[in-house]
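Below: the structure, in structure tokens.
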Ligand SMILES: [Zn+2]
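In this note's numbering, the protein residues as written are 344 to 430.
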């Protein structure tokens, strides 16, 4: 339940359980914020990496590779919120 590392980004669990819709199909044509589930345009999306170990978000590329569950699109405002929550 806490780890979904399967190569491709999946649906994070834990505190993001309310987010929905970011599956393989929606990723093709539309993006959805992992945080609030809102639709995003490509140019509105910010990609953050989620650590499977700590459940914390990192700017893309800054999460230790062995912990990363992959990158997920979030809205710019949500990205700020998520990164602020990360100590
Ligand atoms: Zn959002």
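Even glycine gets a Cβ: it sits at the ideal position worked out from N, Cα and C.
Helix, strand or coil for residue i, going by three-state DSSP, please let me know.
{"i": "residue 424", "result": "helix"}
{"i": "residue 393", "result": "strand"}
In this structure, what does DSSP give as the bridge partners for residue i?
{"i": "residue 403", "result": "Answer is none; residue 403 lacks a bridge partner."}
{"i": "residue 375", "result": "382"}
{"i": "residue 388", "result": "418"}
Determine the closest residue to residue i out of the options, with distance taken between C-alpha atoms.
{"i": "residue 373", "options": "418, 425 and 427", "result": "418"}
{"i": "residue 409", "options": "416, 415 and 397", "result": "397"}
{"i": "residue 381", "options": "422, 426 and 405", "result": "422"}
{"i": "residue 412", "options": "404, 425 and 394", "result": "394"}
{"i": "residue 384", "options": "391, 392 and 375", "result": "375"}
Ends of the beta strand (DSSP E) at residue i?
{"i": "residue 408", "result": "No beta strand (DSSP E) holds residue 408; DSSP gives it neither H nor E."}
### Message
Any residue with its Cβ nearer than 6 angstroms to a heavy atom of ligand 1 should be included. What is that list in chain order?
### Response
376, 378, 379, 381, 417, 418 and 421
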